[in-house]
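A.B. asks: First residue of the sequence shown: 210, per the working numbering; consecutive thereafter. Cβ coordinates follow ideal geometry from the N, Cα and C atoms, glycine included.
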Amino acid sequence: MTLPALIPLPDVLRDMATARLASLAEAEAWPERYLQAFEQVGAASDFVFEHARRDPSLLPALIDSGDLDRAYAPGELRQQIQAAVRECGDEEALGRTLRRQRARHQVRIIWRDLMRVTDLQGTCTDLSNLADACIDEAYQWLYPRHCQQFGTPVGHHSGEPQQLIVLGMGKLGAGELNLSSDIDLIFAYPEGGETQGVKRPLDNQAFFIRLGQRLIKALDPVTADGFVFRVDMRLRPYGSVGALVLSFNALEQYYQDQGRDWERYAMIKARVVAGDQTAGAQLLQMLRPFVYRRYLDFSAIDALRTMKQLIQQEVRRKGMVDNIKLGAGGIREVEFIAQAFQLIHGGRDLSLQQRPLLGVLDTLEQQAYLPANVIAELREGYAFLRYTEHALQAIADRQTQTLPDNDLDRARVAFMLGFSDWPSFHARLMHWRERIAWHFGGVIAAPDEDEDTGEVVVGAEWLPLWEEEQDDEAACRQLAEGGFMDPAKALERLASLRNSGQLRAMQRMGRERLDAFIPRLLAQASEQAEPDLVLERVLPLVEAVARRSAYLVLLTENPGALRQLLTLCAASPWIAEQMTRFPLLLDELLNEARLFHPPLAPELAAELHERLARIPEDDLEQQMEGLRHFKLAHSLRVAASEIAGTLPLMKVSDYLTWLAEAILAQVLELAWRQTIARHGTPVRPDGSPCAPGFVIVGYGKMGGLELGHGSDLDLVFIHDADGAAETDGERPIDGAQFFTRLGQRIIHLLTAHTNSGQLYDVDMRLRPSGAAGLLVSSLGAFERYQQQEAWTWEHQALVRARVLVGDKDVAQSFERIRAQVLGRERAMEPLRDEVSEMRAKMRDNLGTRLTLAGTAANAFDSQARFDIKQDAGGIVDIEFMVQYAALAWSRQHPSLLRYTDNIRILEGLEQAGLMHPADASLLREAYKAYRSVAHRRALQKQAGVIAGDQFVAERHEVMRVWALLGLR
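(1) If you run the structure through DSSP and keep just helix, strand and coil, what is Arg469?
(2) On a CA-only basis, which of Tyr348, Ala280, Pro353 is nearest Arg317? Give me that one, please.
(3) In angstroms with no decimal places, state the Cα-to-Cα distance between Gln1210 and Ala238.
(4) Under the assumption that Gly710 contacts Ser758 (Cβ atoms under 8 Å), give the Cβ distance between them as a whole number of angstroms.
(5) Considering only their Cβ atoms, is the gap separating Ala347 from Val437 smaller than 9 Å?
(6) Where does Gln291 sit, in a helix, a strand or coil, going by DSSP?
(7) Across the stretch 623–642 and the stretch 211–221, are there enough close Cβ pairs to call them in contact, namely three or more that are closer than 8 Å?
(8) Measure how close the beta-carbons of Asp614 and Ile604 come, nearest whole angstrom, since I'm counting them as under 8 Å.
(9) With C-beta atoms as the reference, is Cys333 less than 9 Å away from Glu385?
(10) Identify the residues that DSSP records as bridge partners of Glu403: which are they?
(11) Checking 9 Å against the spacing of the C-beta atoms, do Asn338 and Gln602 come in under that value?
(12) At a cut-off of 8 Å, is Arg729 close to the ligand COA when judged by its beta-carbon and the heavy atoms of the ligand?
(13) Is the beta carbon of Val904 less than 9 Å from the beta carbon of Leu968?
(14) One question on the structure: do Phe1089 and Ala1156 come within less than 9 Å of each other, judged by their Cβ atoms?
(15) Apart from the five residues just before and just after Phe312, which ones in its own chain have a Cβ nearer than 7 Å to its Cβ?
(16) Report all residues from its chain with a CB closer than 6 Å to the CB of Trp881; omit the five preceding and five following residues, and keep chain order.
(17) On the CB-based measure, 16 or more other CB atoms within 10 Å of its CB, does Val569 come out buried or exposed?
(18) Mind checking Glu766: buried by the 16 CB within 10 Å criterion, or exposed?
(19) Is it buried or exposed for Arg621, if we count other Cβ within 10 angstroms and need 16 for buried?
(20) Our contact map puts Ala945 next to Gly932 with C-beta atoms below 8 Å; I'd like the distance itself, whole angstroms only.
(21) Name the DSSP beta bridge partners of Leu376, please?
(22) Could you tell me which residues DSSP puts in a beta bridge with Val440?
(23) Grab me the residues of Ala738's own chain with a C-beta within less than 8 Å of its C-beta, minus the 5 sequence neighbours each way, in chain order.
(24) According to DSSP, what are the bridge partners of Asp923?
(25) Taking the alpha helix (DSSP H) that Leu1013 falls in, what are its first and last residues?
(26) Could you tell me which whole beta strand (DSSP E) segments of length 3 or greater appear in the stretch 832–886?
(27) So, is Gln636 buried or exposed, given that buried needs 16 or more other C-beta atoms within 10 angstroms?
(28) Tell me whether the beta-carbon of Ile872 lies closer than 9 Å to the beta-carbon of Lys910.
(29) Could you tell me the boundaries of the alpha helix (DSSP H) in which Val747 lies?
(30) Do Pro446 and Asn413 have their CB atoms nearer than 9 Å?
(31) Return the bridge partner residues of Ser987 from the DSSP annotation.
(32) Pull up the distance between the alpha-carbon of Glu643 and that of Ala537, whole angstroms please.
(33) Under the rule that 16 or more other beta-carbon atoms within 10 Å means buried, what is Gly663, buried or exposed?
(34) Please determine if the stretch 1086–1104 and the stretch 1158–1172 are in contact, where contact requires at least 3 C-beta pairs separated by less than 8 Å.
(35) Return the Cβ separation of Ala930 and Val971 in integer angstroms, given the expectation that the two are a contact with Cβ distance under 8 Å.
(36) Ile1155 bridges to which residues according to DSSP?
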């Protein structure tokens, strides 16, 4: 947000401003605009006035340098601190210099902040850069002198010299330091050992403890020159009673064994602010699993809720209601909201693994964790509170977040925020605090909490049943009253869960979470149309996640997510099975808008690319998990949208196809990067490097944009490299081998089973010569095969083939070959015979084989079962007619080859006058109806075989058109 422009000084400040300006004799030489500015700044800030009075050269130097009017270039502030520290001859001079530098820059920062020369971000960045520079330059000055005295610390295992790592926590770590903030630090060093180069070596820990003490002494004590920064070390392991400095191993062991929830919260913002940056990055990487759990961690909300309750108790005890940081609707509540989402989701959504709060809020909006209007209010309210905090601290450089109780300081604060008086400022402040408190309650408050009593009431009536506090008869009666059709079976299912090995092995906390969840589950299940079915499908999920009870907390904390789970599982056993196998999908239930509105193709591709870009290139395991989670999440969204009716059939197939294309693009990129890293880059026949000179061609449902739930991928790989020329890497291989290995890598990435399953089953049998052929064909070999060796059924398959991802030039060549092959002159009678014979074989081998004796081969019995796909008059008949027509007439009508999906080819046949409009329309509608039933049955985990009295008219009409085309 932008603050209102400064208003004229109120009467209570004007006389003070005049007197203060008059007391500065050197001010007579200032340019007029600085005189006017000083009246405002000097009246508002005792700190600025006192330093201008004590050091008459301070403001003239800042004015002459232009530093009051401009932002520093990156690194410029550090250079100034570094140059000043370099001149220090001893530690006393170091302390004095740092304090004078801090005073100079603090005056500059306050001036720029109050005069609206910079914004909130600019002020926080300057303050954080100032702290970073003071800490690190002090350390860099102290370290070599400390080594001269005690020797150089060397690692016992590495044999390398050791340096201190200084972690900045809290607002310093996030780059959000305020005008008068403590700096929370943690000291560490890489490994144990002892110092070398002196007669009496020191243990490394003792060396760094003494060094840390000297660093604190350089920064913290108040002297005649003031202080640099107040240093708070209480966030270190064991707090004030713990060792001042610990090794990496000791830190990792502590957080792994004893780390508490508030320490996870604090560690989110940890940043290396001084010392060995490289080793510090390694330390943060070691501690990342402690902060960000791989699974959804809704237990974090409980921890934050408890922390907030403790803070509220302290606020009430100390009368701190006017504290804009800790009080209701204060700065801390905005931080809690952001960090709740970071702790819950950050292990999987790497975009949340960031320190600045405003950046986290942006991500929460972009990723739809919270609505845009909520984020806007949090952002505006937070900025207003931070500006207010800076105004409070600018007065006297005191660490305070409490509103003043005297008229002078109230007038100052209102003036600095751009308000004419205290009541108008205070009203605006309370507006933002109320909005923040409201949103905080929505995120952090206990689920189903009664606002008057604070008691959790939802599902309480089911608790005695779950805890076996009533006999079976009473329990069955309650279940029957709750809508269960078979109460005894439901009770049996609950007993089976209660006595399962998973539950018996649960720890106390997990069992408490389960006991809180089951009553809620039963309460919501009883509201469903088929509670028995809900219980049957959801209890396996409960048992599967029992040992990872954070998932139960997720559903307990989010009644809306639980409701969605029950609704979707009742509608589809496929979804229930997916949820049970991959509980991480529960995350998708948290955002209803996102769940029922999957993104379009460009957004899908961009989202996946962005997600993988956050994973280190060398972390293949995480890349594979990221791909699989992305596929699972978006497949669920499509299925949920189909069930809810927000996506029609054609769009369902489109989305599933787009999803596969986005994944294939990233898989190709990963496989290409890994293969060239090992062998170098192959070359084309003209000697130019392949980039990549390779395409993935989709056949069948993938090629025809008709993927369904659980469909495999029919793929063909083609390259246009020089197969004999070697790659240019350290381990060169010829081009043919290179692309074979690339193809193998792609298949591995797609089919390998990880914790999140596999991406897709892949079928490569449509490549030239089928299973006996090369895994990857050259463009030339592919063309020769299609022109000279391919069977008619392979040309039928080519009708539905299209390039999915890869090299644009190779894609164009493939399209040229496809057009030439499909568009060549064909004798109609042999073509009809071959297509008919292939269809008859498929029907005989794959259909229900319930053809009536003595009738045409494609007649049917309406009393028999109907295989929607394979039986006479079904899906494959329509596909074969489309393929036959494309082969028969595309030479005269090349437009038939423009598309690869059956619906648009049928439209093309109609437009070209090759099929009567009524027949084309009939085939399109029958095709869509068949596929719609097939999709629904797939979601019900049912085979595509239905009663024979369904689609009777449609089947007869499809067979009529089949005969009309002369097919048998």
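C.D. replies: Quick look at the numbers:
(1) Translated into the one-based positions of the sequence shown, residue 469 becomes position 260. The answer is coil: DSSP assigns Arg469 none of H, G, I, E or B.
(2) If you number the sequence shown from 1, residue 317 lands on position 108. Per the Cα distances, Ala280.
(3) With the chain covering only 210 through 1177, there is no way to say anything about residue 1210.
(4) Working through the sequence shown from its first residue, we reach residue 710 at position 501. Working through the sequence shown from its first residue, we reach residue 758 at position 549. Going by Cβ atoms, the distance from Gly710 to Ser758 rounds to 15 Å, so no, they are not a contact pair.
(5) As a working note, residue 437 is residue 228 in the sequence shown. As a working note, residue 347 is residue 138 in the sequence shown. Taking 9 Å as the Cβ cut-off, Val437 and Ala347 qualify as a contacting pair.
(6) One-based indexing of the sequence shown puts residue 291 at position 82. Correct three-state label for Gln291: helix.
(7) The answer is yes - the stretch 211–221 touches the stretch 623–642, with three or more Cβ pairs under 8 Å.
(8) Here residue 614 refers to the residue found at position 405 of the sequence shown. Here residue 604 refers to the residue found at position 395 of the sequence shown. Not really, about 13 Å apart at Cβ, beyond 8 Å.
(9) Locating residue 333 in the sequence shown gives position 124, counting from the first residue. Locating residue 385 in the sequence shown gives position 176, counting from the first residue. In contact: Cys333 and Glu385 (Cβ atoms closer than 9 Å).
(10) Within the sequence shown, the letter at position 194 stands for residue 403. Answer by DSSP bridge pairing, in chain order: Val363, Asp412.
(11) Position 129 of the sequence shown, counted from the first residue, corresponds to residue 338. Position 393 of the sequence shown, counted from the first residue, corresponds to residue 602. Judged by their CB atoms, Asn338 and Gln602 are not nearer to each other than the 9 Å cut-off.
(12) No copy of the ligand COA appears in this structure; indeed no ligand is present at all.
(13) Within the sequence shown, residue 904 is the residue found at index 695, counting from 1. Within the sequence shown, residue 968 is the residue found at index 759, counting from 1. Contact: no.
(14) Numbered from 1 along the sequence shown, position 880 holds the residue referred to as residue 1089. Numbered from 1 along the sequence shown, position 947 holds the residue referred to as residue 1156. Cβ distance not < 9 Å, so Phe1089 and Ala1156 don't count as in contact.
(15) For the purposes of this step, residue 312 is taken as the residue at position 103 of the sequence shown. Looking at the sequence itself, residue 312 is Ala, so the reference to Phe does not match. These residues qualify, in order along the chain: His260, Gly435.
(16) Position 672 of the sequence shown, counting from 1, holds the residue named residue 881. Its chain contains Pro901 as the residues whose beta carbon lies nearer than 6 Å to that of Trp881, once the 5 sequence neighbours on both sides are disregarded; these appear in chain order.
(17) Taking the first residue of the sequence shown as 1, we reach residue 569 at position 360. Its Cβ being crowded by 16 or more others within 10 Å, Val569 is buried.
(18) As a working mapping, residue 766 is identified with position 557 in the sequence shown. Per the 10 Å Cβ criterion, buried.
(19) Reading the sequence shown from its first residue, position 412 is the one you call residue 621. Answer is buried; the Cβ neighbour count reaches 16.
(20) Residue numbering aside, residue 945 sits at position 736 when the sequence shown is read from its first letter. Residue numbering aside, residue 932 sits at position 723 when the sequence shown is read from its first letter. Between Gly932 and Ala945 the Cβ distance is about 4 Å, and since that is below 8 Å, they are a contact.
(21) Taking the first residue of the sequence shown as position 1, residue 376 is located at position 167. Ile395, Val481, per the DSSP bridge assignment.
(22) Reading the sequence shown from its first residue, position 231 is the one you call residue 440. Bridge partners of Val440: Ile392.
(23) For the purposes of this step, residue 738 is taken as the residue at position 529 of the sequence shown. The answer, listed in chain order, is Ala779.
(24) For the purposes of this step, residue 923 is identified with residue 714 of the sequence shown, where counting begins at 1. Asp923 is bridged to Tyr908, Asp972.
(25) Stepping through the sequence shown from its first residue, residue 1013 is reached at position 804. That residue, Leu1013, is in no alpha helix (DSSP H); its beta strand (DSSP E) goes 1011–1015.
(26) none
(27) Counting from 1 along the sequence shown, the entry for residue 636 is found at position 427. Note on identity: in this sequence residue 636 is Ala, with Gln being the wrong assignment. Flag for Ala636 reads exposed.
(28) One-based indexing of the sequence shown puts residue 872 at position 663. One-based indexing of the sequence shown puts residue 910 at position 701. In this structure, Lys910 does not lie closer than 9 Å to Ile872 by Cβ.
(29) Residue numbering aside, residue 747 sits at position 538 when the sequence shown is read from its first letter. 740–754 is the span of the alpha helix (DSSP H), which, as asked, contains Val747.
(30) Walking along the sequence shown from the start, residue 446 turns up at place 237. Walking along the sequence shown from the start, residue 413 turns up at place 204. No, they are not a contact pair.
(31) Here residue 987 is taken as the residue at index 778 of the sequence shown, counted from 1. In DSSP, Ser987 forms a bridge with His928.
(32) What you label residue 643 is simply residue 434 of the sequence shown in a count that begins at 1. What you label residue 537 is simply residue 328 of the sequence shown in a count that begins at 1. Using only the alpha carbons, I get a separation of about 8 Å.
(33) Here residue 663 refers to the residue found at position 454 when the sequence shown is read from its first residue. Any reading at Gly663 must be qualified, since the residue scores a pLDDT of 43, below 50, and its modelled position is unreliable; no value is offered.
(34) Yes, they touch.
(35) Position 721 of the sequence shown, counted from the start, is the residue given in the question as residue 930. Position 762 of the sequence shown, counted from the start, is the residue given in the question as residue 971. With a Cβ gap of about 22 Å, Ala930 and Val971 do not count as contacting.
(36) Locating residue 1155 in the sequence shown gives position 946, where the first residue counts as 1. Note: Ile1155 sits in a beta bridge opposite Phe1075.
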